Amino acid sequence: MLIFLRSQDFRDMGLEMDLSSPTSFPNDMLHIVSPAFGDLFASGTLYRATGVILCKLSEAYYGQLDLFGDVIRLQRLSHLYESVDVRQVA
815 MLIFLRSQDF RDMGLEMDLS SPTSFPNDML HIVSPAFGDL FASGTLYRAT GVILCKLSEA
875 YYGQLDLFGD VIRLQRLSHL YESVDVRQVA
């Protein structure tokens with residue numbers, strides 16, 4: 815994942831980050847993006863664009879069930895996000 819800021823004078827700054835595992839959940843990404851954004855952002859600077867680029871995209875796959883229930887949590891979150899997406903489209 816890559817995040818970047820573009821200033822008013824068209825100067826770009828960015829950081830590339832690796833996720834510990836594949837995810838399709840915004841909350842998992844926000845835990846990594848928030849601190850990195852704080853490193854890039856400078857108060858008093860005018861910005862014209864903010865961006866996030868996701869790399870190495872793949873189909874959602876939950877893998878083998880685990881002992882600690884993380885896969886079940888991911889499946890529940892997936893159903894939650896799908897129902898939110900359906901409601902927003904309707």
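With the first letter of the sequence shown counted as 1, position 59 gets the number 873 in the working numbering; the numbers rise by one all the way through. Cβ atoms here follow ideal geometry from the backbone N, Cα and C, with glycine treated the same way. Please read these numbers as outputs of a predicted model, since none were measured by experiment.
From residue i to residue j, what does the alpha carbon distance come to, in whole angstroms?
i	j	result
S897	S834	26 Å
H849	L829	The displayed chain sequence assigns Pro, not His, to residue 849. Distance between the alpha carbons of P849 and L829 is about 11 Å.
T864	D853	14 Å
F824	L891	38 Å
In this structure, how does DSSP classify residue i when only helix, strand and coil are distinguished?
i	result
E830	strand
R890	helix
L819	strand
A856	coil
Taking 6 Å as the limit between beta carbons, can you name the residues of its chain near residue i, skipping five residues before and five after?
i	result
I867	L816
Starting from the C-beta of residue i, find all residues in its chain whose C-beta is less than 8 Å away, skip the five residues before and the five after it, and write them out in chain order.
i	result
I846	M815, M831 and L833
Kindly give me the distance between the Cβ atoms of residue i and residue j, rounded to whole angstroms, as I take these residues to be in contact under 8 Å.
i	j	result
Q822	L871	Not really, about 31 Å apart at Cβ, beyond 8 Å.
Spatial neighbours of residue i within its chain, please: C-beta separation below 7 Å, excluding the five flanking residues on both sides.
i	result
P836	S872
Among the options, whose alpha-carbon lies nearest the alpha-carbon of residue i?
i	options	result
H893	R862, S838, F851 and C869	S838
Y895	R862, A856, N841 and G858	N841
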